[in-house]
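Take the sequence shown: its letters are residues 1 to 83, numbered as in my numbering. The C-beta atom is built at its ideal place from N, Cα and C for all residues, glycine as well. I have placed the structure first, in the form of C-alpha cells, so that the comments after it can refer back to it.
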Amino acid sequence: MSEAVIDKCKAGFFDRLTRKQRRQYEKRLDACGERYPITQDGGSIQIYLSSMCAEDLAATYFKVARHGRIATTPHWKVPDIAE
C-alpha cells in the first residue's frame with residue numbers, strides 16, 4: 001500500500017526537483033532505512049516503519065510541490081514512530 005502512495009506522490013514532485021534536491025530526497029529516503037533497519041531476528045515491523053517513514057517523506061515533498069516549482073528543500077526529519 002505504501003508503495004502506491006509513494007509512487008503517486010513522487011509523480012507529483014520528482015520531475016520538479018533540481019539535481020541537488022533529488023540527491024537530498026534520496027539521502028532522506030536512505031535515512032528511513034537506516035532509522036528502521038531490518039534485522040535477522042525479525043523485520044516485519046521494521047519494514048512497516050521504514051515504509052511509513054518513506055511515505056511521510058514523499059507526502060511532505062508532494063504538499064510543497066502542489067503550488068508549483070519547489071524553491072527550497074522542504075523541512076523534514078525522520079519521524080520518531082513508536083515501535
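message: For TYR61 and CYS9, which I take to be in contact (beta-carbon distance under 8 Å), what is that distance rounded to the nearest angstrom?
response: Their Cβ separation, rounded to whole angstroms, is 7 Å, which keeps TYR61 and CYS9 in contact under 8 Å.
- request: Quick one: grab the DSSP three-state call for ASP7.
  value: Three-state result, ASP7: helix.
Short Cβ contact (7 Å threshold) for ALA65 with GLY12: A Cβ-Cβ contact shorter than 7 Å links ALA65 with GLY12.
Three-state secondary structure assigned by DSSP to GLN24: Helix, per DSSP.
message: Please report the straight-line C-alpha distance between HIS67 and ALA54, rounded to a whole angstrom.
response: Distance between the alpha carbons of HIS67 and ALA54: 21 Å.
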